[in-house]
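Chains as they are written, first to last, in this note's numbering: chain R, 671 to 937; chain X, 764 to 845.
Think of the CB as a built atom: it goes at the ideal place given N, C-alpha and C, for glycine as much as any other residue.
What follows is a single structure, written as structure tokens, with notes after it.
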Amino acid sequence: MELSEEQIHRYSRHIILREVGGKGQKKLLSAKVLIVGAGGLGCPVGYYLAAAGVGTLGIVDDDVVELSNLQRQIAHNTQRLGMSKAESAKQTFEALNPDVQVLPIKTRLSKDNVLELFRDYDIIVDGSDNFPTRYLVNDACVFLRKPLVSGAILRFEGQVSTILPYDGHCYRCLFESPPPPGLVPSCQEAGVLGVLPGVVGGLQATEVLKLILGQGQVLRNTLLIYNALNVSFRKVRVPRNPQCPICGEAPSITELMDYEQGYCQMG
Amino acid sequence: MSEALKVDKEIDIRGLVCPYTFVKAKLAVEELQVGQTLRVLLDWPEAAHNIPRSMAEHGQKLSVKQLDEKQWEIIIKKEVED
């Protein structure tokens with residue numbers, strides 16, 4: 671692959687970086703990243719990965735754009751109310767950068783489609799808003815041994831972690847199973863500061879770029895917790911758990927499962 | 764630097780300004796094998812300072828020669844893989 675003159679201009683600030691260069695930019699253009707959710711987190715993640723020239727972005731979301739989304743979901747807009755979020759994200763990201771092919775996947779992930787949907791991608795990004803999806807995505811990434819950049823937000827606090835299956839912790843090493851429905855409030859019940867997913871999604875996009883480039887350290891065996899009110903970033907060490915029900919020494923989970931969708935769904 | 768006599772690659776970036784001067788030079792260096800030499804011809808005065816500084820930071824060996832009032836020649840020998 672040769673960079674065109676236009677690409678040399680577009681990505682000049684990347685090419686200048688020793689850690690990226692023309693070689694790294696070509697890696698980005700060849701990379702395939704799947705983003706689960708075109709909501710608060712998926713929008714900034716996709717926006718920055720598109721700007722960076724990540725060549726293929728799959729976006730899974732079966733929801734449509736609602737007015738209450740626009741306080742934080744920056745890839746959508748007022749003219750697109752009622753439009754599929756995956757389609758809206760495709761229009762926004764491809765308008766930003768025609769080098770990027772965005773594949774909208776208008777479906778809900780389930781144990782029956784997740785492996786097939788994930789298979790062709792290099793990295794998975796979780797920007798989902800509910801526990802059943804979060805666990806399903808983790809389990810599928812463990813089974814496929816695919817890197818997963820996980821993010822979550824609530825009120826003024828966000829979390830980011832990078833899961834490299836069998837080479838670091840997974841989500842179940844940290845929390846074996848989802849909390850019972852109703853125990854943890856959703857954003858819909860508890861609210862979220864609109865800019866918070868911008869910070870957390872920006873961190874997730876950074877993790878993805880470093881994974882593609884093979885540069886720096888990622889949040890392996892680590893949970894990063896950001897608090898917007900007191901401006902703190904706290905890194906919590908999360909070692910691999912030998913008793914983990916999915917990636918431990920004697921796993922009890924050997925096939926995918928769908929948890930009850932009794933959890934509140936936030937857009 | 765006597766290597767100026769046998770260069771492996773040449774680029775003429777006269778007419779280009781910063782940062783594209785460095786961008787072009789860097790892309791050309793990436794294509795060289797370690798030990799090979801690149802000759803860069805340029806006419807943007809700032810780049811005559813900036814390219815050598817940045818290339819040296821990246822670990823490459825180089826020499827600069829002012830050819831006339833408005834033209835410079837930079838010879839870069841690739842010392843390290845980038």
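Beta bridge counterpart(s) of residue i as assigned by DSSP
i                : result
TYR774 (chain R) : The question names Tyr, yet the displayed sequence has Pro at residue 774 (chain R). According to DSSP, PRO774 (chain R) bridges with R:ILE729.
ARG907 (chain R) : R:THR892
ASP831 (chain X) : X:GLN834
ARG802 (chain X) : X:GLU773 and X:ILE838
ASP796 (chain R) : R:VAL706 and R:SER820
GLY828 (chain R) : R:ILE823 and R:TYR896
VAL869 (chain R) : DSSP lists no partner for VAL869 (chain R).
ILE833 (chain R) : R:LEU818
Chain R contact residues for residue i, given Cβ-Cβ distances below 9 Å
i                : result
ASP845 (chain X) : ARG688, GLY691 and LYS693
Interface partners of residue i on chain X, CB under 7 Å
i                : result
SER682 (chain R) : PRO782, TYR783 and VAL786
Residues of its chain near residue i, where Cβ-Cβ distance is below 7 Å and the 5 sequence neighbours each way are ignored
i                : result
TYR836 (chain R) : ARG815 and CYS917
TRP807 (chain X) : LEU779, VAL780, CYS781 and THR784
GLU766 (chain X) : Any reading at GLU766 (chain X) is ruled out, since the residue's pLDDT is 43, under 50, leaving its predicted position unreliable.
VAL734 (chain R) : GLY752, MET753, SER754 and LYS755
LEU881 (chain R) : ILE793, PRO817 and VAL888
LYS787 (chain X) : ILE774, ILE776 and LEU779
ARG750 (chain R) : VAL735 and SER758
LYS824 (chain X) : LYS840 and GLU842
ASN813 (chain X) : CYS781 and PHE785
Cross-chain neighbours of residue i in chain X, by beta carbon under 8 Å
i                : result
ILE940 (chain R) : Chain R is shown from 671 up to 937; residue 940 (chain R) falls before or after that span and cannot be answered.
Contacts of residue i in chain X (Cβ-Cβ under 9 Å)
i                : result
ILE678 (chain R) : TYR783, VAL786, LYS787 and LEU790
Cutoff 6 Å; reference residue i; Cβ partners in own chain excluding five residues on either side
i                : result
GLU827 (chain R) : ASN897
HIS839 (chain R) : ASN891, VAL908 and ARG910
TYR718 (chain R) : ALA875
LEU866 (chain R) : ILE823, GLY828 and ALA898
GLU925 (chain R) : none
Cβ-based neighbour list, residue i, same chain, cut-off 8 Å, excluding 5 preceding and 5 following
i                : result
VAL770 (chain X) : THR800, LEU801, ARG802 and ILE838
GLU689 (chain R) : LEU883, GLN885 and GLY886
ASN767 (chain R) : ARG680, ALA720, ALA721 and GLY723
Handout entry: Near-chain R residues of the stretch 811–829 of chain X - C-beta to any C-beta below 7 Å
Key = HIS821
Problem - Segment contact, 8 Å Cβ cut-off, at least three pairs: the stretch 789–800 of chain R with the stretch 812–827 of chain R - result: yes
Exercise for the section: With 8 Å as the C-beta to C-beta threshold (strictly closer), list the residues of the stretch 782–809 of chain X near chain R in chain order. Expected result: PRO782, TYR783, PHE785, VAL786, LYS787, LYS789, LEU790 and GLU793
Problem - Cβ-based contacts, 8 Å cut-off: residues of the stretch 772–795 of chain R near chain X - result: none
Exercise for the section: Evaluate contact between the stretch 773–783 of chain R and the stretch 671–691 of chain R, counting only Cβ atoms and requiring at least three cross-stretch pairs below 8 Å. Expected result: no
Exercise for the section: Report yes or no: do three or more beta-carbon pairs, one from the stretch 688–697 of chain R and one from the stretch 776–790 of chain R, lie closer than 8 Å? Expected result: no
Handout entry: the stretch 895–906 of chain R touching the stretch 729–749 of chain R, judged by at least three CB pairs closer than 8 Å
Key = no
Exercise for the section: Would you be able to state if there are at least three C-beta pairs under 8 Å between the stretch 860–871 of chain R and the stretch 707–715 of chain R? Expected result: yes
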